[in-house]
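Peer 1: Got a structure for you, written out below as structure tokens; questions coming shortly.
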Amino acid sequence: MNRHPSPHPRRTTLGAASLAVIASFALTGCMAGEDAVGTAGPAGGELNIDFATYNPLSLVIKEQGWLEDELAEENVTVNWIQSAGSNKANEALRAGAIDVGSTAGSAALLARSNGSPIKTIDIYSQPEWAALVTTPDSGIENIEDLRGKSIAATKGTDPYFFLLQALEAGGVDPSEVTVQNLQHADGRAALANGSVDAWSGLDPIMASAEQDGATLFFRDIDFNTYGFLNATEEFLEESPELAQTVVNAYEKAREWAIENPEETAEILAEVAGIDVEIANAVIIDRTNLDVDPAPGDAQRAVLEKIGPVFVESGDVSSQEQVDEALDSLFDDSLVRNADPTAIEASS
0 MNRHPSPHPR
10 RTTLGAASLA
20 VIASFALTGC
30 MAGEDAVGTA
40 GPAGGELNID
50 FATYNPLSLV
60 IKEQGWLEDE
70 LAEENVTVNW
80 IQSAGSNKAN
90 EALRAGAIDV
100 GSTAGSAALL
110 ARSNGSPIKT
120 IDIYSQPEWA
130 ALVTTPDSGI
140 ENIEDLRGKS
150 IAATKGTDPY
160 FFLLQALEAG
170 GVDPSEVTVQ
180 NLQHADGRAA
190 LANGSVDAWS
200 GLDPIMASAE
210 QDGATLFFRD
220 IDFNTYGFLN
230 ATEEFLEESP
240 ELAQTVVNAY
250 EKAREWAIEN
260 PEETAEILAE
270 VAGIDVEIAN
280 AVIIDRTNLD
290 VDPAPGDAQR
300 AVLEKIGPVF
310 VESGDVSSQE
320 QVDEALDSLF
330 DDSLVRNADP
340 TAIEASS
């Protein structure tokens, strides 16, 4: 496998000191552009970008070191920050702690609807990454069996909105269940130790739980939204060439991952700490990377269905906010101008 030499200090998860800086961003509400975040030029600068186990293209780019190699001559430092879920990526984007972040489509629309100044600049996948999960001895076999039960879900993420759509499809009112707001990994742990009856799961954690005996009792690929790569408006305005380089790298990663699915699964397995067999199931069986990367009609059609759920659940105040966000969320200009060949492969 043609991997970039590693480990490289700038391509590892940030240490405690760096995480403290990120936390201070969240507390103060600093936006991108302050303290040289997301800037580039003759004097150099920084690119703060996330990687996530639910975004395999981000893992490929990080592993191969393409952005570091491409931006070295411009003295731009690449800082990789791990997102544990769409909600965490949205928090970091809103705080200005990252310039580019990975979310589900539903989470991007939710953030934009509530005033986060982000744009979707690339579609990284069409996954079946969410499903409802339980244990074999729970007695839960369908949506109707969830009445009176406790369910773990990470609010603000695709699995949470998957759950809401599933309840509606099964004729179960959300008031008839108890939703425990837990981060994805904590939700799996709560299911395993019996703290909840079911879990609205996310791959690759969900695939690992399935291998350990958990049951995916409700699946519907149409309830999954696409993988959205988002950037802050300030980053796009102040560093358009840097933003173009990021999208160029994403399109190179897409080509590489499609040509090398097993190697992509190996990278996922290493980062996520899971068996290669589980990673293969996620990448090969439940993730479609060969999609049109330009955000547009396909994604809009999905989000038009999920938008009213935001309002019904109280996550957004009005449908007008959702409509305005959907009308302003997409920016396909960088994808339209993308040149994967502009990113040189590592030796």
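For the sequence shown, position 89 (counting from the first letter as 1) is numbered 88 according to numbering that gives the first Met the number 0, and the numbering increases by one without interruption.
From the three backbone atoms N, C-alpha and C, an ideal C-beta is built for every residue, glycine too.
Here the structure is a predicted model, which means the values were calculated and not measured.
1. If you follow the beta strand (DSSP E) that Phe217 is in, where does it begin and where does it stop?
2. Rounded to whole angstroms, what's the CA-CA distance from Ser316 to Gly114? Just pull it up for me.
3. What do you reckon, are the CB atoms on Pro55 and Leu267 nearer than 8 Å?
4. To test your reading of the DSSP string, which unbroken alpha helix (DSSP H) runs of 4 or more residues are found completely within the stretch 122-197?
5. Which residues bound the alpha helix (DSSP H) around Ser105?
6. Going by the DSSP bridge assignment, what does Phe227 pair with across the sheet?
7. Determine the DSSP secondary structure at Val334, reduced to helix, strand or coil.
8. Is it true that the CB of Ala83 sits closer than 8 Å to the CB of Asp157?
9. Out of Gly212, Ala341, Gly44 and Ser112, which one is the CA nearest neighbour of Thr244?
10. Are the Cβ atoms of Phe222 and Gln298 separated by less than 8 Å?
11. Under the rule that 16 or more other beta-carbon atoms within 10 Å means buried, what is Asn336, buried or exposed?
12. Let's test the definition: count the other Cβ atoms within 10 Å of the Cβ of Ala71 and tell me whether it reaches 16, buried, or not, exposed.
13. Below 8 Å CB to CB, which residues in the same chain sit around Ser312 once its five sequence neighbours on both sides are set aside?
14. Going by other Cβ atoms of all chains shown within 10 Å of its Cβ, with 16 needed for buried, is Glu142 buried or exposed?
15. How long is the line joining the alpha carbons of Ile305 and Leu109, rounded to whole angstroms?
16. So, for Thr214: in the same chain, excluding its five sequence neighbours on each side, which residues have a beta-carbon less than 6 Å away from its beta-carbon?
17. Starting from Thr263, trace the alpha helix (DSSP H) in both directions and tell me its first and last residue.
18. In the stretch 37-93, which residue ranges form an unbroken alpha helix (DSSP H) of at least 4 residues, counting only runs that do not cross its ends?
19. Please confirm whether Ser347 and Ile273 have their CB atoms less than 8 Å apart.
20. For a test of the three-state rule: what should DSSP assign to Ser207, helix, strand or coil?
21. Determine, using beta-carbon pairs with one atom in the stretch 119-128 and one in the stretch 218-235, whether at least three such pairs fall under 8 Å.
Peer 2: Reading it off the structure:
1. Thr214 to Phe217
2. 12 Å
3. yes
4. 157-168 and 183-191
5. Gly104 to Ser112
6. In DSSP, Phe227 forms a bridge with Thr102 and Ile122.
7. helix
8. With a cutoff of 8 Å on beta-carbon distance, Asp157 and Ala83 are scored as not near each other.
9. Ala341
10. no
11. It is exposed - the Cβ of Asn336 has fewer than 16 other Cβ atoms within 10 Å.
12. Answer is exposed; the Cβ neighbour count stays below 16.
13. Leu163 and Pro173
14. According to the sequence displayed, residue 142 carries Ile and not Glu. Looking at its Cβ environment, which holds 16 or more other Cβ atoms inside 10 Å, Ile142 is buried.
15. Looking at the two C-alpha atoms, the distance is approximately 10 Å.
16. Counting only Cβ-Cβ distances below 6 Å, and skipping sequence neighbours, we find Thr133 and Pro135.
17. Pro260 to Ala271
18. 55-63 and 65-70
19. The chain is shown only over 0 to 346; residue 347 falls outside these bounds and no answer can be derived.
20. helix
21. yes
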